[in-house]
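A.B. asks: First the structure, which I've put down as structure tokens, then a few questions once you've had a look.
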Amino acid sequence: MTEVNRKIHVIGINSYIFGDLPSKLQDLFIKTGNIAVPNSYFEEIKSWSESGLGEKKSFFSSKSNIELIDWLRSQKNDVALISRGDPLWFGIGRILLENFSKDELSFYPSNTSIQLAFSKLKIPWQDTVNVSIHGRDSTKLVEALKARPSSLAIITDSNNKSLEIIKSHLSELNLIDFYDFWLCEEIGFDNENIRKLNLKESLPSEISSLNIVVLTKTKKNFSNNNIPLFGINDSIFKTFDDRPNLLTKREVRVQILADLELPKNGVIWDIGAGCGSIGLETLKLRPNLDLFCIDKRIGSKALIQENSKRLGVKPKFIFEEDIIKTLNKRNLSSFEKPNRLVIGGCDKKTKILIINKLGQLMNIGSIIIIPIIDFQTIEELKEQLEDKNFKTNLNLIQTYKSLSISEGMRLEPNNPVFLLKGKK
Numbered sequence: 010m011t012e013v014n015r016k017i018h019v020i021g022i023n024s025y026i027f028g029d030l031p032s033k034l035q036d037l038f039i040k041t042g043n044i045a046v047p048n049s050y051f052e053e054i055k056s057w058s059e060s061g062l063g064e065k066k067s068f069f070s071s072k073s074n075i076e077l078i079d080w081l082r083s084q085k086n087d088v089a090l091i092s093r094g095d096p097l098w099f100g101i102g103r104i105l106l107e108n109f110s111k112d113e114l115s116f117y118p119s120n121t122s123i124q125l126a127f128s129k130l131k132i133p134w135q136d137t138v139n140v141s142i143h144g145r146d147s148t149k150l151v152e153a154l155k156a157r158p159s160s161l162a163i164i165t166d167s168n169n170k171s172l173e174i175i176k177s178h179l180s181e182l183n184l185i186d187f188y189d190f191w192l193c194e195e196i197g198f199d200n201e202n203i204r205k206l207n208l209k210e211s212l213p214s215e216i217s218s219l220n221i222v223v224l225t226k227t228k229k230n231f232s233n234n235n236i237p238l239f240g241i242n243d244s245i246f247k248t249f250d251d252r253p254n255l256l257t258k259r260e261v262r263v264q265i266l267a268d269l270e271l272p273k274n275g276v277i278w279d280i281g282a283g284c285g286s287i288g289l290e291t292l293k294l295r296p297n298l299d300l301f302c303i304d305k306r307i308g309s310k311a312l313i314q315e316n317s318k319r320l321g322v323k324p325k326f327i328f329e330e331d332i333i334k335t336l337n338k339r340n341l342s343s344f345e346k347p348n349r350l351v352i353g354g355c356d357k358k359t360k361i362l363i364i365n366k367l368g369q370l371m372n373i374g375s376i377i378i379i380p381i382i383d384f385q386t387i388e389e390l391k392e393q394l395e396d397k398n399f400k401t402n403l404n405l406i407q408t409y410k411s412l413s414i415s416e417g418m419r420l421e422p423n424n425p426v427f428l429l430k431g432k433k
């Protein structure tokens with residue numbers, strides 16, 4: 010392999026002021042004759058040479074495309090390539106490494122725009138999820154939003170309606186009220202501007218093309234005045250921070266509530282309750298029901314209590330324990346036997362134990378609903394229900410959500426769920 014003598018010096022900046030560069034990089038710029046600069050701030054960097062800094066320079070206006078690569082390959086002497094922030098963080102660095110050897114490249118990162126934005130917002134960012142939709146579709150953004158991280162930083166693209174797409178995704182995923190939306194423009198530069206936007210209003214008409222978005226989980230007191238009677242949005246429920254999807258999605262929950270044929274009075278057990286979404290919404294519909302919530306996860310009781318306050322309802326009992334302990338060690342005769350039973354969040358063996366222990370206690374007209382994602386267990390659970398004189402039927406719930414893309418709209422599938430229903 011031919012030894013490469015010339016270097017491509019990739020310099021990250023956070024300011025258009027030459028004096029803000031470290032002295033080492035000032036010297037490097039002064040002695041380098043060929044300079045590539047992104048066209049969005051070409052004139053600002055070109056002005057550095059007008060004060061007679063070093064040798065006469067040749068500037069190349071870069072669009073970060075194949076023309077830049079061809080220009081770099083054509084240069085026989087050292088080159089300085091100006092970038093923003095850290096070139097190896099969602100920047101030009103990846104493309105350069107795909108086209109040049111590591112020996113040819115030297116990187117001089119500055120603070121990333123995300124670092125600077127969080128420092129201005131005075132918010133810790135070690136747990137922040139970073140996503141770029143600059144020159145990319147928004148698939149990764151949708152995946153990140155579904156996980157509902159405490160904070161999310163988004164590298165935008167002025168050419169693909171990024172802000173409109175982010176706003177649409179937040180609305181489509183029912184997260185408009187879940188996050189504060191910070192628009193950060195020209196971070197670190199003279200025209201720096203940070204503003205919190207109200208996404209229920211139109212986006213500002215004047216926005217710098219050099220912008221990023223930071224989403225931070227909103228802190229607000231929930232009022233149950235505006236919560237609907239039926240079909241409560243997922244975003245209303247508080248979930249475990251490390252398992253934000255540990256709740257029954259609205260579309261599936263609506264069908265479960267319908268299949269339960271809720272009576273005005275009675276007893277419902279919600280086993281594997283998670284954040285309590287199913288059981289608590291039953292109380293919203295039928296406030297005279299007695300609700301037993303059971304979940305073995307540490308912290309589930311406090312979580313269900315918080316969601317009870319949000320919905321303005323009150324379960325009769327919340328047990329933070331394994332259902333096996335409940336069935337084997339507690340005196341079930343002292344409990345109100347259920348006439349509605351939801352079995353989720355446990356393995357097949359435990360589901361069968363629940364059916365055997367509680368199914369025989371349930372009266373004629375009682376209903377058991379079992380959400381299932383593993384279809385291989387369906388037949389055996391169906392047989393167990395029928396052995397206890399339950400008439401069964403199976404329903405597959407498969408729903409799609411529309412998500413905005415730059416060209417229009419696409420449909421995003423939710424995970425399919427089987428609902429096995431038994432009625433005695």
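FYI, the numbering for the sequence shown is 10 to 433, going by the working numbering.
For glycine and all other residues, C-beta sits at the position ideal for the given N, C-alpha and C.
Keep in mind that this is a model prediction, so the values were computed, not measured.
Since I believe residue 48 is in contact with residue 24 (beta carbons under 8 Å), could you give me their beta-carbon distance rounded to a whole number of angstroms?
C.D. replies: Their Cβ separation, rounded to whole angstroms, is 18 Å, which puts residue 24 and residue 48 out of contact at 8 Å.
A.B. asks: Would you call the region 269 to 276 in contact with the region 240 to 253, where contact means no fewer than 3 C-beta pairs closer than 8 Å?
C.D. replies: Contact between the region 269 to 276 and the region 240 to 253 is absent, because fewer than three Cβ pairs lie under 8 Å.
A.B. asks: Looking only at its chain, what residues have a beta carbon closer than 8 Å to the beta carbon of residue 414, apart from the 5 residues adjacent to it on each side?
C.D. replies: Once the five neighbours on either side are set aside, the close Cβ partners of residue 414 are 146, 147, 174.
A.B. asks: How would you label residue 239, buried or exposed, when you count the other beta carbons within 10 angstroms and need 16 or more for buried?
C.D. replies: Exposed, because fewer than 16 other Cβ atoms sit within 10 Å of the Cβ of residue 239.
A.B. asks: Which value, in whole angstroms, describes the spacing of the CA atoms of residue 344 and residue 220?
C.D. replies: Computed Cα separation, rounded: 59 Å.
A.B. asks: What number of angstroms, rounded off, separates the C-alpha of residue 433 from the C-alpha of residue 259?
C.D. replies: One C-alpha to the other measures close to 27 Å.
A.B. asks: Taking DSSP's pairing of strands, which residues face residue 438 in a bridge?
C.D. replies: For the chain, the structure presents residues 10 to 433; residue 438 sits outside this window and is missing.
A.B. asks: So, using beta-carbon positions, are residue 327 and residue 310 closer together than 8 Å?
C.D. replies: Their beta carbons are under 8 Å apart, which means residue 327 touches residue 310 by this criterion.
A.B. asks: Applying the criterion that 16 or more other CB atoms from any shown protein chain within 10 Å of the CB defines a buried residue, is residue 290 buried or exposed?
C.D. replies: It counts as buried.
A.B. asks: Kindly list the residues whose CB is nearer than 6 Å to the CB of residue 29, restricted to its own chain and excluding five residues on each side of it in sequence; keep chain order.
C.D. replies: Same-chain partners within the cutoff: there are none.
A.B. asks: Report all residues from its chain with a CB closer than 7 Å to the CB of residue 236; omit the five preceding and five following residues, and keep chain order.
C.D. replies: Only 245, 320 meet the Cβ criterion.
A.B. asks: Look at the alpha carbon of residue 16 and the alpha carbon of residue 115, and state the distance between them as a whole number of angstroms.
C.D. replies: Rounded to the nearest angstrom, the two C-alpha atoms are 7 Å apart.
A.B. asks: Between residue 372 and residue 265, what straight-line distance do the alpha-carbon atoms span, to the nearest angstrom?
C.D. replies: C-alpha separation (whole angstroms): 20 Å.
A.B. asks: Within 8 Å of any Cβ in chain D, is that where the Cβ of residue 170 sits?
C.D. replies: Note that chain D does not occur in the displayed structure, where there is just one protein chain.
A.B. asks: How should residue 416 be labelled, buried or exposed, when 16 other C-beta atoms within 10 angstroms of its C-beta is the threshold for buried?
C.D. replies: Classification of residue 416: exposed, given that the 10 Å Cβ count is below 16.
A.B. asks: Taking 7 Å as the limit between beta carbons, can you name the residues of its chain near residue 360, skipping five residues before and five after?
C.D. replies: Around residue 360: 352, 379, 390.
A.B. asks: Could you compute how far the alpha carbon of residue 68 sits from the alpha carbon of residue 96?
C.D. replies: Each residue's Cα considered, the two are about 19 Å apart.
A.B. asks: With DSSP as the reference, please indicate the residues paired to residue 202 in a beta bridge.
C.D. replies: Answer is 194, bridged to residue 202.
A.B. asks: At 3 residues or longer, what runs of the beta strand (DSSP E) sit wholly inside the region 91 to 151?
C.D. replies: If we require 3 residues or more, the beta strand (DSSP E) runs fully inside the region 91 to 151 come out as 114 to 117, 138 to 141.
A.B. asks: Expressed to the nearest angstrom, what Euclidean distance is found between the alpha-carbon atoms of residue 10 and residue 94?
C.D. replies: Only weak support is given to the placement of residue 10: the predicted model assigns it a pLDDT of 42, under 50, and the value that follows is read from those uncertain coordinates. Distance between the alpha carbons of residue 10 and residue 94: 32 Å.
A.B. asks: For residue 75 and residue 358, I'd like the C-alpha separation in whole angstroms.
C.D. replies: Computed Cα separation, rounded: 59 Å.
A.B. asks: Do you know how far the Cα of residue 302 is from the Cα of residue 426?
C.D. replies: Rounded to the nearest angstrom, the two C-alpha atoms are 21 Å apart.
A.B. asks: In chain order, which continuous runs of the beta strand (DSSP E) of length 3 or greater are located wholly inside the region 26 to 83?
C.D. replies: Segments of the beta strand (DSSP E) lying fully in the region 26 to 83: 43 to 47, 67 to 71.
A.B. asks: If you pair each beta-carbon of the region 105 to 124 with each one of the region 149 to 161, do three or more pairs fall below 8 Å?
C.D. replies: Touching, no, given that fewer than three Cβ pairs across the two stretches are closer than 8 Å.
A.B. asks: Would the region 397 to 414 and the region 163 to 182 be scored as touching if the rule is three or more Cβ pairs under 8 Å?
C.D. replies: Touching, per the Cβ criterion.
A.B. asks: Taking the Cβ atom as the reference point for each residue, do residue 406 and residue 420 lie within a distance shorter than 8 Å?
C.D. replies: Not a contact, by the Cβ cut-off of 8 Å.
A.B. asks: Going along the chain, which unbroken runs of the beta strand (DSSP E) with 3 or more residues stay wholly within the region 314 to 402?
C.D. replies: Listed in chain order, they are 326 to 328, 349 to 352, 376 to 381.
A.B. asks: Using 8 Å as the cut-off, can you tell me whether the region 120 to 139 makes contact with the region 28 to 47, which would need three or more C-beta pairs spanning the two stretches below that distance?
C.D. replies: Flag = no, the region 120 to 139 and the region 28 to 47 do not touch.
A.B. asks: Do residue 88 and residue 18 have their C-beta atoms within less than 8 Å of each other?
C.D. replies: Yes; because the gap between Cβ atoms is below 8 Å, this pair is in contact.
A.B. asks: Just mark residue 279 as buried or exposed, buried being the case when its beta carbon has 16 or more other beta carbons within 10 Å.
C.D. replies: Buried, by the Cβ-count rule.
A.B. asks: Which residue marks the beginning of the alpha helix (DSSP H) containing residue 293, and which one marks its end?
C.D. replies: Start and end: 286 to 294.
A.B. asks: Measuring alpha carbon to alpha carbon, tell me which residue in 262, 190, 408 is nearest residue 210.
C.D. replies: Cα-wise, what sits closest to residue 210 is 190.
A.B. asks: Are the beta-carbon atoms belonging to residue 354 and residue 313 less than 8 Å from one another?
C.D. replies: Their beta carbons are not under 8 Å apart, which means residue 354 does not touch residue 313 by this criterion.
A.B. asks: If residue 153 sits next to residue 137, beta carbons under 8 Å apart, how far is it from one beta carbon to the other, in whole angstroms?
C.D. replies: About 10 Å separates the two Cβ atoms, so there is no contact after all.
A.B. asks: Alpha carbon to alpha carbon, how far is residue 56 from residue 26? Give it in angstroms, no decimals.
C.D. replies: Distance between the alpha carbons of residue 26 and residue 56 is about 10 Å.
A.B. asks: Residues in the same chain with beta-carbon distance under 7 Å from residue 139, minus the five sequence neighbours each way, listed in chain order, please.
C.D. replies: Counting only Cβ-Cβ distances below 7 Å, and skipping sequence neighbours, we find 123, 162.
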